[in-house]
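Just add 8 to the spot in the sequence shown (first one is 1) and you have my numbering. All residues carry an ideal CB built from backbone N, CA and C; glycine is no exception. Okay, structure first, notes after.
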Amino acid sequence: MTYLTYIIWNGSPEIINLGGISLRWYGLLFALGFLISQQVLYYIYKKEGKPESDVDTLTIYMIVATILGARLGHVIFYQPELFLENPLSIILPVEFSPKFRFTGFTGLASHGGAFGILFALWLYARKKRPGQSYLQVVDRIVIVTAITGALIRFGNYFNSEIIGKPTESNYGVVFASNVTDLIKFDGYVEDVDYVAIDTAANVGPAKPVKILLTFKQDETYTEDQLNSYISGRLQSMLSYNTGIAEHVYQSGALRYRLGKEGNQYHAILYTNMIPRHPAQLYESISCVLLFLLLFWLWSKKKNELAPGSLLGIFLIVCFGLRFAYEFLKENQVAFEDELTLNMGQILSIPLVIAGVVLLIYSLKKNKEQSV
């Protein structure tokens with residue numbers, strides 16, 4: 009007997025779509041991250057006897073810095089051509105061609121967000137506030153940055169983006185939502201579902217999957233038309249479409265069964281799909297654990313911690329793990345294929361080094377002051 013060794017994820021990135029404007033899970037989780045962060049900061053500032061009104065100011069700084077920093081970071085590090093080709097797309101969450109569409113900010117880089125936050129907090133700390141030196145403020149902010157990062161990565165999972173490399177582990181994930189969107193594009197199919205097949209007959213890293221199609225009720229459809237559509241158009245899409253090639257491996261004639269219940273046709277397609285490391289979830293879970301560690305250190309040792317020590321720990325753990333996880337992820341842009349280390353790893357190295365230096369400096373300075 010064989011056991012299923014993969015999970016099929018077919019969740020929609022959209023919660024609701026009204027007149028071309030969609031509410032997406034990514035945006036909701038992004039906003040929820042700031043909301044939770046604000047509540048945690050209220051608690052921290054109250055415990056430390058600091059004005060809770062400062063949290064409102066900090067929240068504004070954080071939101072602006074995260075979005076602008078992450079967006080500019082993505083463009084600078086991954087798509088610098090946008091500065092010449094389409095500069096408005098860098099700062100506008102909409103597109104006007106071929107028609108007006110709200111897109112949100114597509115393409116955000118966590119390294120850019122980190123630099124943006126550090127700069128914004130430097131601006132905030134220039135106005136002297138008791139007990140809120142630059143390092144003291146940053147130490148509190150990195151606690152909540154970790155939980156925000158966890159929710160953002162969970163949003164990436166809903167978007168089926170930043171995917172991992174193929175894996176044969178029993179927690180590999182088949183990301184099927186792009187396949188669903190492509191199958192529905194022609195307008196014939198009403199619903200798409202997936203069923204994992206319990207078999208050892210794998211094709212390389214690909215696993216056998218049944219795709220269940222429910223066609224729209226239309227009395228003009230004939231069985232011959234749908235047979236032609238499946239063996240022609242659908243087979244071509246599954247075999248050659250570059251948009252889903254990283255998720256589907258279809259070789260040879262597409263096997264399928266077509267049937268009819270009442271006035272509605274149904275089909276079962278037999279193909280192969282590729283389970284991948286759910287790298288987004290690895291990072292999300294790591295960020296939750298990092299949040300718990302930093303919050304525990306603050307709650308137990310806030311009067312003993314040297315300013316900058318929490319920031320140092322955050323940089324070492326967050327970007328050290330980011331460096332490691334990149335080995336399990338597909339490159340995001342083509343030029344990374346020519347690099348020994350990808351851009352995420354290259355940008356993580358100086359941040360980890362900065363974290364080590366800062367942690368050593370903070371502990372050394374704290375030790376000198378205690379003598």
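Rounded straight-line distance, which links the Cα of residue j to that of residue i
i	j	result
Asp345	Asn339	7 Å
Gly163	His255	19 Å
Leu220	Val197	10 Å
Ser239	Ala261	8 Å
Met9	Asn167	Low confidence applies here, because Met9 scores a pLDDT of 40, under 50, leaving its location unreliable and the question unanswered by this model.
Val203	Thr67	44 Å
Asp199	Ile15	19 Å
Gln225	Arg161	38 Å
Leu131	Tyr179	44 Å
Ile321	Leu367	7 Å
Trp304	Ser61	24 Å
Ser244	Tyr264	14 Å
Ile71	Ser247	43 Å
Arg241	Ser185	19 Å
Range covered by the beta strand (DSSP E) that runs through residue i
i	result
Asn249	Premise fails: Asn249 is in no beta strand (DSSP E) and is neither H nor E.
Ala204	197-204
Ile16	14-17
Endpoints, alpha helix (DSSP H) assigned at residue i
i	result
Ala287	287-309
Ser437	Only positions 9 to 379 of the chain appear in the structure, and residue 437 is not among them; the question remains open.
Tyr179	That residue, Tyr179, is in no alpha helix (DSSP H); it is neither H nor E in DSSP.
Asn25	No alpha helix (DSSP H) contains Asn25, which is instead part of the beta strand (DSSP E) from 22-26.
Pro229	Sequence inspection shows Tyr at residue 229; the Pro mentioned does not correspond to that position. No alpha helix (DSSP H) contains Tyr229, which DSSP labels as neither H nor E.
Arg319	The amino acid at residue 319 is misidentified as Arg; the sequence shows Leu. 317-333 is the span of the alpha helix (DSSP H), which, as asked, contains Leu319.
Asp189	185-192
Beta bridge counterpart(s) of residue i as assigned by DSSP
i	result
His274	Thr222, Gly267
Thr279	Val217
Leu359	According to DSSP, which records beta bridges pairwise, Leu359 is partnered with nothing at all.
Arg241	For Arg241, which the question treats as bridged, DSSP gives no partner whatsoever.
Val256	Met281
Lys58	Note: Lys58 sits in no beta bridge, so no partner.
Nearest-angstrom Cβ-Cβ length linking residue i and residue j, presumed shorter than 8 Å
i	j	result
Gln258	Asn280	7 Å
Gly124	Thr74	6 Å
Val181	Pro286	4 Å
Leu355	His82	Actually they are not in contact, since the Cβ atoms of Leu355 and His82 sit about 11 Å apart, beyond 8 Å.
Ile17	Phe127	Checking the sequence shown, residue 17 turns out to be Trp, not Ile. The Cβ separation is near 36 Å, so there is no contact.
Tyr278	Lys218	6 Å
Val296	Ala158	5 Å
Tyr290	Tyr333	6 Å
Leu323	Leu359	5 Å
Sequence ranges, alpha helix (DSSP H) only - wholly within the region 86-162, length at least 4: 90-93, 96-99, 118-133
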